[in-house]
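Engineer:
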Amino acid sequence: MARTASSRPGSSRPASSRPAAARPAPAGAAESALAGHSVELLKALHILTREGQLNQDSRRKLKQIQHLYQFIEPLLRESTPADGVPLTLVDHGAGKSYLGFILYDLFFKQFEQPFKLWSIETRPELIEKSRELARSAGFAGMEFLNLSVAQATTSPLLPERIDVVTALHACNTATDDAIDFALAKRAQHVVLVPCCQAEVAAAFRQGKADALARSSLAELWRHPLHTREFGSQVTNVLRCLRLQAHGYQITVTELVGWEHSMKNELIIATQKHQPGKAAARRLNEMLDTLGLQVLRERFAVPQT
Ligand SMILES: C[S@@+](CC[C@H](N)C(=O)[O-])C[C@H]1O[C@@H](n2cnc3c(N)ncnc32)[C@H](O)[C@@H]1O
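Following this line, the structure appears as structure tokens:
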């Protein structure tokens, strides 16, 4: 696939000698936004129009992915096994597999060690399309599995260990299933951009009358909009504590390009084998204080 102008191999070939399909995207701002990417891949992903143009929406999408790439690339380098064992990454709730394709194009294609990438997605038509695209792009190290995240955790199609687990806007509790997967696979890094999770908000709704009678803290989720927003905030805090309870170090930050979305939280967890007892205790205390005991299994932590 053609690359846009960059310091990568092949980029010095004069534009006039390239076949039409391999021509780089338009010059100027668009070109710098596309540096290093394969034009044909971006077209196939509908990030670029057939004419190689970026519209406002796709520019934002590209900016988001590039921003995410800045975080993931060092994690990939850091978790590369030294002994020739393949570097492995699983992307859950992959959708059209934008993330996997971009990671492949920008990183894995040039990577000189063995590696393997899997996209997990429940919609078979998206799996089929992604397989076709990977075939035509020659991305032989990518595999697409039509499984739910929960099924993937026990599937014999995946190895026992995975180095990096990602889940970008995986719907509802699929992010929690991705955490289960990462824990089961002893992932070194977990990168999550959570979607809205309805379970905690539902539990708040269910116990609202009791909670309001018990504590003024329940004012935090009295109104339906607050139930949803606070539910979402609590969900992500519990996810972080759960990962910490399992020895991970957590960074929580914001993704650019999602400024107008509530779903712009990026959680990066790195396994450091830290003592997790305090996080486990705090998580359980939170569940008790907020009347969320029913979710103890969802946010399960090691028994002490
Ligand atoms: C909002 S899309 C995000 C797609 C992609 N990660 C992205 O950011 O472009 C969520 C995707 O997760 C898939 N999905 C939802 N629940 C899932 C589950 N339990 N297991 C696997 N995939 C799931 C949906 O079919 C959908 O394609």
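Residue numbers for the sequence shown, in our numbering: 616 to 919.
In this text, a Cβ means the ideal position worked out from N, Cα and C, and glycines have one as well.
These figures come from a predicted structure and were not determined experimentally.
Rounded to whole angstroms, what is the Cα-Cα separation between residue 902 and residue 782?
Structural biologist: Using only the alpha carbons, I get a separation of about 24 Å.
Engineer: Check each candidate in 730, 913 and 905 and name the one with the smallest Cα separation from residue 821.
Structural biologist: When only C-alpha atoms are compared, the closest one is 905.
Engineer: Rounded to whole angstroms, what is the Cα-Cα separation between residue 851 and residue 882?
Structural biologist: Their Cα atoms are separated by approximately 9 Å.
Engineer: Go through its chain and collect everything with a Cβ distance to residue 825's Cβ below 8 Å, but skip five positions before and after it.
Structural biologist: 906.
Engineer: For residue 754, collect the residues of the same chain with a Cβ closer than 6 Å to its Cβ; drop the 5 residues on either side in sequence, then sort them by chain order.
Structural biologist: Only 719 meet the Cβ criterion.
Engineer: Can you tell me which of the three DSSP states residue 734 falls into?
Structural biologist: It is a strand residue.
Engineer: Are the Cβ atoms of residue 800 and residue 777 separated by less than 8 Å?
Structural biologist: Yes, the pair counts as a contact, with Cβ atoms nearer than the cut-off.
Engineer: What is the rounded straight-line gap between the Cα of residue 843 and the Cα of residue 811?
Structural biologist: Going by the C-alpha atoms only, they are around 9 Å apart.
Engineer: Would you say the beta carbon of residue 834 is closer than 7 Å to some non-hydrogen atom of ligand 1?
Structural biologist: No, the Cβ of residue 834 stays beyond 7 Å of every heavy atom of ligand 1.
Engineer: Which same chain residues end up closer than 6 Å to residue 871 when comparing Cβ atoms and leaving out the 5 residues on each side of it in sequence?
Structural biologist: Closer than 6 Å at Cβ, skipping near neighbours: 682.
Engineer: Can we count residue 707 as close to ligand 1, meaning its CB is less than 7 Å from some heavy atom?
Structural biologist: For ligand 1, at least one heavy atom lies less than 7 Å from the Cβ of residue 707.
Engineer: Would you mind working out which of 740, 757 and 700 sits nearest residue 716, comparing C-alpha positions?
Structural biologist: When only C-alpha atoms are compared, the closest one is 757.
Engineer: Give the single residue among 698, 679, 703 and 813 whose Cα lies nearest to the Cα of residue 690.
Structural biologist: If we check each option's Cα against that of residue 690, 703 comes out closest.
Engineer: For residue 856 and residue 898, which I take to be in contact (beta-carbon distance under 8 Å), what is that distance rounded to the nearest angstrom?
Structural biologist: Their Cβ separation, rounded to whole angstroms, is 4 Å, which keeps residue 856 and residue 898 in contact under 8 Å.
Engineer: Can you list the alpha helix (DSSP H) stretches of 4 or more residues lying completely in the stretch 703 to 768, in chain order?
Structural biologist: As far as the stretch 703 to 768 is concerned, its whole alpha helix (DSSP H) runs of at least 4 residues are 713 to 721 and 739 to 752.
Engineer: Just list the alpha helix (DSSP H) runs in the stretch 788 to 825, keeping only unbroken ones of 4 residues or longer that don't cross its boundaries, in chain order.
Structural biologist: As far as the stretch 788 to 825 is concerned, its whole alpha helix (DSSP H) runs of at least 4 residues are 789 to 799 and 813 to 821.
Engineer: With a threshold of 16 other CB atoms inside 10 Å of the CB of residue 725, please say whether the residue is buried or exposed.
Structural biologist: When all chains shown are included, residue 725 counts as exposed.
Engineer: Could you pull the DSSP bridge partners for residue 782 from this structure?
Structural biologist: Residue 782 pairs with 707 and 807.
Engineer: My understanding is that residue 673 touches residue 662, with C-beta atoms under 8 Å, so please give their C-beta distance in whole angstroms.
Structural biologist: Contact flag correct, Cβ pair sits at about 5 Å.
Engineer: So residue 733 and residue 764 are in contact, right, with Cβ under 8 Å, and what is the actual spacing, rounded?
Structural biologist: In fact, because the Cβ distance is near 11 Å, the residues do not count as touching under 8 Å.
Engineer: By alpha-carbon positions, which one of 773, 779 and 838 ends up nearest to residue 802?
Structural biologist: If we check each option's Cα against that of residue 802, 779 comes out closest.
Engineer: Considering residue 881, what are the terminal residues of the beta strand (DSSP E) in which it resides?
Structural biologist: Note, residue 881: beta strand (DSSP E), 880 to 886.
Engineer: Given this structure, state the Cα-to-Cα distance separating residue 735 from residue 761, to the nearest angstrom.
Structural biologist: Whole-angstrom Cα-Cα distance: 6 Å.
Engineer: Are there 16 or more other CB atoms within 10 angstroms of the CB of residue 914, so buried, or fewer, so exposed?
Structural biologist: It is buried - the Cβ of residue 914 has at least 16 other Cβ atoms within 10 Å.
Engineer: Taking only the alpha-carbon atoms, compute the straight-line gap between residue 688 and residue 860 and give it to the nearest angstrom.
Structural biologist: Answer to the nearest angstrom: the Cα atoms are 26 Å apart.
Engineer: Could you tell me if the beta carbon of residue 756 falls within a distance shorter than 7 Å of some heavy atom in ligand 1?
Structural biologist: Not so, every heavy atom of ligand 1 lies at least 7 Å from the Cβ.
Engineer: Could you have a look at residue 638 and say whether DSSP puts it in helix, strand or coil?
Structural biologist: Only weak support exists for where residue 638 lies, its pLDDT of 36 falling under 50; the value from the coordinates is given anyway. It is coil, neither helix nor strand.
Engineer: Where does the unbroken beta strand (DSSP E) through residue 867 begin, and where does it stop?
Structural biologist: Element bounds for residue 867: 863 to 869.
Engineer: Please report how far the alpha carbon of residue 845 lies from the alpha carbon of residue 831, in whole angstroms.
Structural biologist: Those two C-alpha atoms are separated by around 15 Å.
Engineer: Keeping to the same chain, check which residues put their C-beta closer than 8 Å to that of residue 699; ignore five residues upstream and five downstream.
Structural biologist: So the qualifying residues of the chain are 728 and 729.
Engineer: Just checking my contact of residue 684 with residue 741 at CB under 8 Å: how many whole Å lie between their CB atoms?
Structural biologist: In fact, because the Cβ distance is near 21 Å, the residues do not count as touching under 8 Å.
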